Amino acid sequence: MAEQVVADKLKLSDAPKKLKSKVWQYFGFRDGSPTDKAKCKLCFTDVAYAESGSTTNLMQHVKRKHNVDLARLKEVAQVQLLKSRARKVILFLFEFC
């Protein structure tokens with residue numbers, strides 16, 4: 080019985096690609112289609128999100144319950160992107176000098 084419950088919980092489909100927020104890596108949908116609730120992939124809790132697409136509740140859930148700071152992840156990603164762009168600019172300049 081317990082094995083079936085775990086197997087059912089593992090059958091979460093990923094959020095559609097149009098949902099771009101980094102928070103979606105922690106959430107999925109049971110039937111594959113977005114509703115007003117997403118299921119946390121870490122604790123399998125249903126968490127509400129707004130029809131407008133706001134992910135505030137989802138971000139608060141992973142921060143409070145799982146100690147994941149998405150703002151920090153976003154900052155790190157932005158720094159990596161800037162470094163990558165700077166590297167490309169430098170390579171471009173060396174190519175034409």
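If you use the working numbering, the sequence shown corresponds to residues 80 to 176, in order. Even glycine gets a Cβ: it sits at the ideal position worked out from N, Cα and C. Remember, it's a predicted structure, so these values are computed and weren't measured experimentally.
(message) Measuring alpha carbon to alpha carbon, tell me which residue in S92, K101, S100, V102 is nearest R109.
(response) S92
(message) Would H140 and L121 qualify as a contact pair, given that the criterion is a beta-carbon distance under 7 Å?
(response) no
(request) Could you spell out the range, first to last residue, of the beta strand (DSSP E) harbouring V126? (result) 125-127
(message) If you reduce the DSSP assignment to three classes, tell me which class S163 lands in.
(response) helix
(message) Taking DSSP's pairing of strands, which residues face F175 in a bridge?
(response) According to DSSP, which records beta bridges pairwise, F175 is partnered with nothing at all.
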